[in-house]
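**Student:** The structure that follows is given in the form of structure tokens.
Protein chains: 2
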Amino acid sequence: MNGAESLVHTLLDSGVNVCFTNPGTSEMHFVSALDRIAGMRCVLGLFEGVVTGAADGYWRIADKPASTLLHLGPGLGNGLANLHNAKKARSGVVNVVGEHATYHVPLNAPLTSDIEGVARPMSHWVRTSVSADHIARDGKAAVAAARTAPGQIATLVLPADTAWSELSAGTDATASGVSAQPPAAPKVDAARVTAAAAALAGPDTLLLLGGKALRDGALVSAGRIAAKTGCALMSEFAVARVQRGAGRVAVARMPYVVEVAQAALARFRKVVLVGTTPPVAFFAYPGKPSMLAPPGCEFVTLAEVDQDLGDALAALADRLDASVIAPAGIAQLQRPGAGALPGGKNTSEGIAAVLAALLPEEAIVVDESVTIGRAFGAATAGAAPHDWLTGCGGAIGYALPVAVGAAVAAPNRRVVVLEGDGSGMYTPQALWTMAREGLNVTVVVFANRSYQILRGELLAVGAGEPGPRANQMLTLDNPTLDWTALARGMGVPATRADDLAAFADQFARSLATPGPSLIELTL
Amino acid sequence: MNGAESLVHTLLDSGVNVCFTNPGTSEMHFVSALDRIAGMRCVLGLFEGVVTGAADGYWRIADKPASTLLHLGPGLGNGLANLHNAKKARSGVVNVVGEHATYHVPLNAPLTSDIEGVARPMSHWVRTSVSADHIARDGKAAVAAARTAPGQIATLVLPADTAWSELSAGTDATASGVSAQPPAAPKVDAARVTAAAAALAGPDTLLLLGGKALRDGALVSAGRIAAKTGCALMSEFAVARVQRGAGRVAVARMPYVVEVAQAALARFRKVVLVGTTPPVAFFAYPGKPSMLAPPGCEFVTLAEVDQDLGDALAALADRLDASVIAPAGIAQLQRPGAGALPGGKNTSEGIAAVLAALLPEEAIVVDESVTIGRAFGAATAGAAPHDWLTGCGGAIGYALPVAVGAAVAAPNRRVVVLEGDGSGMYTPQALWTMAREGLNVTVVVFANRSYQILRGELLAVGAGEPGPRANQMLTLDNPTLDWTALARGMGVPATRADDLAAFADQFARSLATPGPSLIELTL
């Protein structure tokens, strides 16, 4: 058995059975091993940002890591922006990055680069295997690192000769004595629960939730705490995954715009943090604060993001004698019948109403709608129960790849991507993977033909109204992107919706049709 | 004047007047400054790999740096693969990377990352401006670093508050006392010329050329040296830019395949290196050597790549009393008339013949044809004089972006991109920039619907014939990419050529039509 085979066996033995790949020559022995050893689902991406984003989406839905397969430093570089997003989403990912044979590295061949240096800014754990005999232990360690709460980026660099060399006699090819399972997320201690319980009382106190505090069970505890104490509930802005919809505890999301966030937080004098930190502005702006809470607001941390957040909220509810009361803020089902759907031109409110009415049960919404979608969250609170995923690292181009991974993790659920035309152009190659794998993804592209958010940001930073050169950098209308052509070029059926009636019709048809489809919604 | 304005003035003052951009919020003050200050041509890319690749192509043709504008660590990450390629091509690039305001960085907002860490593996020079007053000097230093022979990657990180802050009274806004011009490339000393002259004698000696030794004037000297000594001429495999075609000194290119390169080098007992190093295999393979020259072959370095290579070759020709003799190996014009063009199905030889016949004078060929194109070089040696650019860092997805930069640098020349369907999918967004800017680019996509090179590599590394899972990672045929739809989706007219007659016809029409067009050539 060679090193590559040892790694594939080790990954499978560790419960990693999906590999998002974009391989090259230095990974051919790993590809060959995947070929010969049954059990790993291999999903090809035509660009590495698709691969790393898919691993992010897979973790968010499956709660376990996938592996990636990337080609040397530049391949990892292409995947870096979505690894950044995955890192900020606290997703666990096992990157396998090929490297030249150890003796070839010093020769400075064209593809030689400092792979560990490229990996480090976006990885929690980086290691280069030094021999075939080490690969199994390194693989186990990588999986354990990826699984370490709340989820980490682990990057294992695999020199070609360690992959192709035979293991020494007697080497344990899967390091069976080594665990790929890290300790469970630690529970919070009683003093924290006591302090949080003392802080929450009345509408000028806030329970601010992040990470896995936004899963259904944890939210039930949060709703009970709110019912008992009268505190408000809110989530951080960057939401890796929130479980919401009718019958679940509704949680408002921290607004993006500084002034709006300040207004939303203005009444709070105490904030209890669960899996998050004091809220900060997405960007700094001249003359505006970076911290969003009002001056003098007191923060009390119930649990850090790497702790057991569901347990922490349950313990707090228990401490407050709220464990069996009805949660506050349960969203009521609000689904207009098909006849009550709005018509007319495509507006943010109208689109939101269509989404709220038609989102299927257990849908996974991947939201990169940027400006047009700021009202979607509130409008869909009473839709059928679903998961809502947002970008967490601010690097646009996350949604189409994350949808790939989510759909691979949950083949029986419908994934709905809400995508801007600007953001979608960073990783459009994901559409091809959706077509190849027959993934049940509905992509809605909001075609406003501009980096609309930057128009607002130019004003927000005090840089004034755009002139001709700035406009050239903010508009996407010359030439106009034709998303239906782009989608068809990658094998995804596509339609264009110029009004809400067309959108509702096309959206309903897409949801009912297996495999991917794309709707370009003109604005 | 604020820091952003100071930087724009400084760049213009330093001769940098093209900026390839993909900005975000943290760069809005720089965008605003570009808007208000005349003189900078701003070219938007919809993905950062387009931006950095364009800067590479611009340098290769203009012999001076463009700047880029990138959005924080993830934006730089997306540009990293083509920065790697630019670094290996020895291109000079000035990256301007926005960063959060200095006081905002410690707050760990979503987009916060270690930008200098991301930059370092692919940069020669990295600096973060610490205040508005420092920006002019930092900008000058960045340009000087980018221009340092043979060309370097300089990355200047610009925190938002240094961009938006006003300069202190009395600060020189363009650091007018500081030079943006580094010392010229040093000349080689006489001892090196003497040693090289002594080494070259007869057909078992080779003059191996890289970098600017492949420009017209240097090649004339090389041809004279060959005529005088009987030595052979060859270029390294990675060729940033070679000037070739009828009337120029023809230079064979180092083959990619190890065995073929070994055979090409087998007869040489002495190799004189000019702007290159002893040739190494692109990848390592089990049981094959990394060094391509025969054992015992002696290497003599005439000039390092950062020295004045044209001067070194002229000095060597002079030392050999060859300064005025006719160069050996002048390529003869070989252009069949339109009636003599090959017909039938699309083959490598037939495509090469069409290219050789129709390439216009002063064309710039950007070659990422990978497997199909290995014969194109020899077949086009007698075409009209042209420049030929190849990928130098091995990261595919370089050609479409490099073509953007080359076309911006030379608006009156025709750029011809020879692109694989696999490699083209890494940075297809470049097509949109070609359309927006009306660039005179003809894109030929060779649609073999696979990572054809990897089929060969799988065999070459001894990993055997692909089975079903490996095949899934090597094929692009399910679904088939429709490049004509992709191109039209980005505003580029496109046609499909199923045979050589159609290709010749479409190629000729594209060359004669201003602006970009794309031909999908089915294989």
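Line by line, the protein sequences give chains A and B.
Position 114 of the first sequence, counted from 1, bears residue number 114 in this note's numbering, the numbering being contiguous throughout.
All you need for this note's numbering is the position in the second sequence, starting with 1, plus 1000.
Cβ coordinates follow ideal geometry from the N, Cα and C atoms, glycine included.
As the structure is a computational prediction, the values presented were derived from the model and not from experiment.
1. I'd like the list of long-range same chain contacts for residue 34 of chain A, defined as Cβ closer than 7 angstroms, with 5 residues on each side in sequence excluded.
2. Taking the alpha carbon of residue 38 of chain A as the reference point, which residue from B/1476, B/1324 and B/1467 has its own alpha carbon closest?
3. Closer than 8 angstroms is the cut-off here; do at least three beta carbon pairs connect the region 513 to 522 of chain A with the region 420 to 436 of chain A?
4. According to the neighbour-count rule (16 or more other Cβ atoms, all chains shown, within 10 Å of its Cβ), is residue 1267 of chain B buried or exposed?
5. Among the candidates B/1357, B/1022 and B/1407, whose CA atom is the shortest distance from the CA of residue 1508 of chain B?
6. Starting from residue 1108 of chain B, follow its DSSP beta bridges and name the residues at the other end.
7. What residue range does the alpha helix (DSSP H) around residue 307 of chain A cover?
8. What separation, rounded to the nearest whole angstrom, lies between the Cα atoms of residue 1354 of chain B and residue 1378 of chain B?
9. Taking Cβ-Cβ distances below 8 angstroms as the criterion, which residues of the region 281 to 315 of chain A are in contact with chain B?
10. Can you tell which of A/362, A/81, A/206 and A/195 has its C-alpha closest to the C-alpha of residue 270 of chain A?
11. Answer with yes or no whether the minimum CB distance from residue 237 of chain A to chain B is below 9 angstroms.
12. Does residue 1032 of chain B have its Cβ less than 9 angstroms from a Cβ in chain A?
13. Take the Cβ of residue 1010 of chain B as the centre, count every other Cβ of all protein chains shown within 10 Å, and call the residue buried at 16 or more, exposed below.
14. Taking residue 1525 of chain B as the reference, give the member of B/1272, B/1051, B/1359 and B/1078 with the closest Cα.
15. What separation, rounded to the nearest whole angstrom, lies between the Cα atoms of residue 1296 of chain B and residue 410 of chain A?
16. Given a limit of 9 angstroms on CB to CB distance, which residues of the region 384 to 417 of chain A reach chain B?
17. Find the residues of chain B that neighbour residue 457 of chain A, judging by a C-beta separation of less than 7 angstroms, and give them in chain order.
18. From the beta carbon of residue 1514 of chain B, is the nearest beta carbon of chain A less than 9 angstroms away?
19. Which residues of chain B have a Cβ atom closer than 9 angstroms to the Cβ of residue 95 of chain A, listed in chain order?
20. In its own chain, which residues sit with a C-beta less than 6 angstroms from the C-beta of residue 496 of chain A, not counting the 5 before and 5 after it?
21. Determine the direct distance from the alpha carbon of residue 1115 of chain B to that of residue 1071 of chain B, and round the result to whole angstroms.
22. With 9 angstroms as the threshold, decide whether the Cβ of residue 1055 of chain B is near any Cβ in chain A.
23. Which residue comes first and which comes last in the alpha helix (DSSP H) that contains residue 228 of chain A?
24. Using a beta-carbon distance below 9 angstroms, is residue 1084 of chain B in contact with chain A?
25. Among residues of its own chain, excluding the 5 on either side of residue 1046 of chain B, which ones have a beta-carbon nearer than 6 angstroms to its beta-carbon?
26. Just to confirm, is the Cβ distance from residue 473 of chain A to residue 1023 of chain B under 9 angstroms?
27. Do residue 511 of chain A and residue 385 of chain A have their C-beta atoms closer together than 9 angstroms?
28. Taking the DSSP output, what are the residues bridged to residue 1419 of chain B?
29. Against residue 1440 of chain B, what residues of chain A qualify as contacts under a CB-to-CB distance less than 8 angstroms, listed in chain order?
30. In chain A, which residues lie less than 8 angstroms from residue 1256 of chain B when you measure between Cβ atoms?
31. So residue 1155 of chain B and residue 1123 of chain B are in contact, right, with Cβ under 8 angstroms, and what is the actual spacing, rounded?
32. Report the neighbours of residue 1267 of chain B on chain A: residues whose CB is nearer than 8 angstroms to its CB, in chain order.
33. Could you check how far apart the C-beta atoms of residue 1235 of chain B and residue 1220 of chain B are, in whole angstroms? I think they sit under 8 angstroms.
34. Mapping DSSP to helix, strand and coil, what is residue 1048 of chain B?
35. Contact criterion: CB-CB distance below 9 angstroms. Does residue 1453 of chain B meet it with respect to chain D?
36. So residue 1088 of chain B is in the beta strand (DSSP E); what residue range does that whole segment cover?
**Tutor:** Reading off the structure:
1. Closer than 7 angstroms at the Cβ level, and outside the excluded window around residue 34 of chain A, lie 8, 19, 40 and 42.
2. Out of B/1476, B/1324 and B/1467, B/1467 has the C-alpha closest to the C-alpha of residue 38 of chain A.
3. Contact between the region 513 to 522 of chain A and the region 420 to 436 of chain A is present, because at least three Cβ pairs lie under 8 angstroms.
4. With fewer than 16 other CB atoms across the displayed protein chains lying within 10 angstroms of its CB, residue 1267 of chain B is exposed.
5. The option with the nearest alpha carbon to residue 1508 of chain B is B/1357.
6. Beta-bridge partners assigned by DSSP to residue 1108 of chain B: none are found.
7. In the DSSP assignment, residue 307 of chain A falls outside any alpha helix (DSSP H) and carries neither an H nor an E.
8. Straight-line measurement puts the Cα of residue 1378 of chain B at about 13 angstroms from the Cα of residue 1354 of chain B.
9. Along the region 281 to 315 of chain A, the positions whose C-beta sits under 8 angstroms from a C-beta of chain B are 281, 282, 283, 284, 286, 290 and 291, read in chain order.
10. Each of A/362, A/81, A/206 and A/195 was checked against the Cα of residue 270 of chain A, and the nearest Cα belongs to A/206.
11. By this cut-off, residue 237 of chain A is an interface position.
12. Yes, residue 1032 of chain B lies at the interface with chain A (some Cβ there is under 9 angstroms from its Cβ).
13. That one is buried.
14. No statement about residue 1525 of chain B is possible, as the shown extent of chain B runs from 1001 to 1523 and does not include it.
15. So the two alpha carbons sit approximately 60 angstroms from each other.
16. From the region 384 to 417 of chain A, only 391, 392, 393, 394, 395, 396 and 397 have a Cβ closer than 9 angstroms to chain B.
17. Within chain B, the residues near residue 457 of chain A are 1025 and 1028.
18. Chain A, which has no Cβ nearer than 9 angstroms to the Cβ of residue 1514 of chain B, makes this no.
19. Correct list: empty, because the minimum Cβ distance to chain B is about 14 angstroms.
20. Taken in chain order, the residues that qualify are 484 and 520.
21. Looking at the backbone, the Cα of residue 1071 of chain B and that of residue 1115 of chain B are separated by about 10 angstroms.
22. At a cut-off of 9 angstroms between C-beta atoms, residue 1055 of chain B does not count as an interface residue with respect to chain A.
23. Bounds of the alpha helix (DSSP H) holding residue 228 of chain A are 216 to 229.
24. Contact of residue 1084 of chain B with chain A is assigned, a C-beta pair being separated by under 9 angstroms.
25. Here the set comprises 1429 and 1432.
26. Residue 473 of chain A is a Cβ neighbour of residue 1023 of chain B, given a cutoff of 9 angstroms.
27. In terms of Cβ geometry, residue 511 of chain A and residue 385 of chain A do not form a close pair [threshold 9 angstroms].
28. Beta bridge pairing from DSSP links residue 1419 of chain B with B/1368 and B/1445.
29. By Cβ distance, chain A contributes nothing, its closest Cβ being about 16 angstroms from residue 1440 of chain B, past 8 angstroms.
30. For residue 1256 of chain B, there are no neighbours in chain A by C-beta distance under 8 angstroms, as the nearest C-beta there is about 10 angstroms away.
31. Indeed, because the Cβ distance is near 4 angstroms, the residues count as touching under 8 angstroms.
32. Simply none; closest approach about 23 angstroms.
33. Not a contact, Cβ separation roughly 15 angstroms.
34. Here DSSP, grouped into helix, strand and coil, assigns residue 1048 of chain B to helix.
35. Within the model displayed, chain D is absent; protein chains A and B are what it includes.
36. First-last for residue 1088 of chain B: 1080 to 1088, but that is the alpha helix (DSSP H), not the beta strand (DSSP E).
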